[in-house]
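Undergrad:
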Amino acid sequence: MPVRAIPPWSVPLFFVVGAVSQYVGAAIGVWLFATTEPATVAWLRAMGAAVVLLAWRRPWNGRGRRPWTRRGVGAAAAFGSVTLAMNIAFYESIARIPLGTAVAIEFTGPVAVAVLGSRRPLDYAAVGLVGAGVYLLAGVQADVDAVGVAFALLAAALWAGYIVLGKRVADAGTGLDSLAVGMAVAAAVSAPVLLAMQSAVDVSVLAEPRTWLWGAGIGLLSSAIPYALDQPVLATIGRARFALLLALLPATAAVVGAVALAQRPTVAEVAGIGAVMAALAVSARAARGGGGDDGTIEP
698 MPVRAIPPWS VPLFFVVGAV SQYVGAAIGV WLFATTEPAT VAWLRAMGAA
748 VVLLAWRRPW NGRGRRPWTR RGVGAAAAFG SVTLAMNIAF YESIARIPLG
798 TAVAIEFTGP VAVAVLGSRR PLDYAAVGLV GAGVYLLAGV QADVDAVGVA
848 FALLAAALWA GYIVLGKRVA DAGTGLDSLA VGMAVAAAVS APVLLAMQSA
898 VDVSVLAEPR TWLWGAGIGL LSSAIPYALD QPVLATIGRA RFALLLALLP
948 ATAAVVGAVA LAQRPTVAEV AGIGAVMAAL AVSARAARGG GGDDGTIEP
């Protein structure tokens, strides 16, 4: 079933609610780190998102859909696995560095995909801005956690893979269905390893119902709600303009981090986040002007 467009006046509301929901979910994840391993929290998010998306999309219902093939299931599994790996790297990063900093560094992935192979001056400017942003966020501060930065850069690389795979499943017309199936497969396959890692640290956490409820809540807030709200926004304004809106996300993450986690950004961090936001805006403008579409969507 095609996604319906929404009234233009409601686009900012849908986007802001989705963005805040995504990073409030991440902040809840940070609160859980006191008792639960970051990788386990990421798995709980994937599990929660899979349950919600499967209940919503019902991809096994063939009415009005293309039939599933072995190749299609494999592509969905790869998509879900990259998504889970990206979220594990992201949660490992926000366990060590501020939320806004991690999100800004993570956005180097989409910028890299957007400018890869391009020779337009605006794209070179985007690369320069994102490089300056990462340097301000990670290179000029003596107390920055190098492991946290490394995990954020890994999340950025995985986001680039997510974009490439996501564009393929979107072009096949199975975007959200593939995400639902892929997240379910990835959560099921990785469960023994990730839950064993948590058990080695503190198995009692897994016996507490609230751990699973919080995990389901994170999946709802950070995955299901943003995806559901982004689809009508994309249908209304298109990918090029949506990519411009994505430039607001690092600032949104920084605000949520400041309010929910008391993470007050330094002057260098504010400048670095601003540089990455500018890079995203420049990259989106360049793609729009050149008629390109990198398929960048929110993870």
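If you're matching positions, the sequence shown starts at 698 in the working numbering and goes up one per residue. Just so you know, even glycine gets a beta-carbon here, dropped at the ideal spot from N, CA and C. Given the structure is predicted, the values throughout are model-derived calculations rather than measurements.
1. Residues in the same chain with beta-carbon distance under 6 Å from VAL882, minus the five sequence neighbours each way, listed in chain order, please.
2. At what residues does the alpha helix (DSSP H) containing GLY933 begin and finish?
3. Take the Cβ of VAL837 as the centre, count every other Cβ of all protein chains shown within 10 Å, and call the residue buried at 16 or more, exposed below.
4. Rounded to a whole number of angstroms, what is the C-alpha to C-alpha distance between VAL1014 and ALA972?
5. CA-CA distance, ALA1009 and ASP820?
6. How about GLY806 and ALA847: do their beta carbons lie closer than 7 Å?
7. Residues in the same chain with beta-carbon distance under 7 Å from VAL844, minus the five sequence neighbours each way, listed in chain order, please.
8. With a CB to CB cut of under 6 Å and the five nearest residues on each side skipped, what residues in its chain are close to GLY722?
9. Is ILE703 helix, strand or coil by DSSP?
10. What separation, rounded to the nearest whole angstrom, lies between the Cα atoms of ALA957 and ALA724?
11. Which residue marks the beginning of the alpha helix (DSSP H) containing LEU917, and which one marks its end?
12. Quick check on ALA746: does DSSP put it in helix, strand or coil?
13. Beta-carbon within less than 8 Å of PRO923's beta-carbon, same chain only, minus the 5 sequence neighbours each way: which residues are those?
14. From GLN895 to LEU910, what does the alpha carbon distance come to, in whole angstroms?
15. Please go through the same chain and pick out, in chain order, the residues whose beta-carbon is closer than 6 Å to the beta-carbon of ALA983, but skip the five residues on each side of it.
16. Could you check if ALA897 is buried or exposed, using at least 16 other CB atoms within 10 Å of its CB as the buried criterion?
17. Is it right to say ASN784 is buried, meaning 16 or more other beta carbons lie within 10 angstroms of its own, or is it exposed?
18. With distances taken from CA atoms, which of THR733, PRO795, PHE804, GLU966 is nearest ALA904?
19. Return the CA-CA distance between ALA743 and SER815, expressed in angstroms with no decimal places.
20. On the CB-based measure, 16 or more other CB atoms within 10 Å of its CB, does ARG763 come out buried or exposed?
21. Taking only runs of the alpha helix (DSSP H) that begin and end inside the segment 874-907, which ones reach a length of at least 4 residues, in chain order?
22. Have a look at GLY879, ALA921, ALA959 and flag the residue whose alpha-carbon is nearest the alpha-carbon of GLY768.
TA: Taking the structure as given:
1. Start at 1 with the first residue of the sequence shown, and residue 882 comes out as number 185. Cβ neighbours of VAL882 within its own chain (closer than 6 Å, five residues either side excluded): ALA774, GLY777.
2. Counted from its first residue, the sequence shown places residue 933 at position 236. The question names Gly, but residue 933 is Thr in the sequence shown. For THR933, the uninterrupted alpha helix (DSSP H) run begins and ends at 922-943, by DSSP.
3. Locating residue 837 in the sequence shown gives position 140, counting from the first residue. Exposure of VAL837 is indicated by the presence of fewer than 16 other C-beta atoms within 10 angstroms of its C-beta.
4. A question about residue 1014 goes unanswered here, because the residues of the chain that appear run from 698 up to 996.
5. Lying before the first or after the last residue shown, residue 1009 is absent from the chain, which here runs from 698 to 996.
6. Within the sequence shown, the letter at position 109 stands for residue 806. Within the sequence shown, the letter at position 150 stands for residue 847. Remark: C-beta atoms of GLY806 and ALA847 do not approach each other more closely than 7 Å.
7. Numbered from 1 along the sequence shown, position 147 holds the residue referred to as residue 844. Cβ within range, chain order: ARG793.
8. Translated into positions along the sequence shown, residue 722 becomes position 25. Its chain contains ILE915, LEU918, SER919 as the residues whose beta carbon lies nearer than 6 Å to that of GLY722, once the 5 sequence neighbours on both sides are disregarded; these appear in chain order.
9. Position 6 of the sequence shown, counting from 1, holds the residue named residue 703. Assignment of ILE703 by DSSP, reduced to helix, strand and coil, places it in the coil class.
10. For the purposes of this step, residue 957 is taken as the residue at position 260 of the sequence shown. For the purposes of this step, residue 724 is taken as the residue at position 27 of the sequence shown. If you take the alpha carbons of ALA957 and ALA724, they lie about 7 Å apart.
11. Start at 1 with the first residue of the sequence shown, and residue 917 comes out as number 220. Counting along the chain, LEU917 sits inside no alpha helix (DSSP H), nor does DSSP assign it H or E at all.
12. Along the sequence shown, read from residue 1 onward, the residue named residue 746 stands at position 49. The answer is helix: DSSP assigns ALA746 an H, G or I state.
13. Here residue 923 corresponds to residue number 226 of the sequence shown, with the count starting at 1. The residues GLY715, ALA716, SER718, GLN719, GLU995, in chain order, have a CB closer than 8 Å to that of PRO923 in the same chain once the five nearest residues on each side in sequence are set aside.
14. Residue numbering aside, residue 895 sits at position 198 when the sequence shown is read from its first letter. Residue numbering aside, residue 910 sits at position 213 when the sequence shown is read from its first letter. Cα to Cα, the separation comes out at about 17 Å.
15. In the sequence shown, residue 983 corresponds to position 286, counting from 1. Within the same chain, ALA983 has close Cβ partners ARG817, LEU819, ASP820.
16. The residue given as residue 897 occupies position 200 in the sequence shown. ALA897 should be labelled exposed.
17. Taking the sequence shown and counting its residues from 1, one reaches residue 784 at position 87. The residue is buried, with at least 16 neighbouring Cβ atoms inside 10 Å.
18. For the purposes of this step, residue 904 is taken as the residue at position 207 of the sequence shown. Of the listed residues, the one whose Cα sits closest to ALA904 is THR733.
19. Residue 743 sits at position 46 when you count from the first residue of the sequence shown. Residue 815 sits at position 118 when you count from the first residue of the sequence shown. Taking the CA atoms as reference points, ALA743 sits about 34 Å from SER815.
20. Position 66 of the sequence shown, counting from 1, holds the residue named residue 763. The C-beta of ARG763 has fewer than 16 other C-beta atoms within 10 Å across all chains shown, which makes the residue exposed.
21. Fully enclosed alpha helix (DSSP H) runs of 4 or longer: not present.
22. Position 71 of the sequence shown, counted from the start, is the residue given in the question as residue 768. Here residue 768 turns out to be Arg, not Gly, going by the sequence shown. Closest option to ARG768, Cα to Cα, is GLY879.
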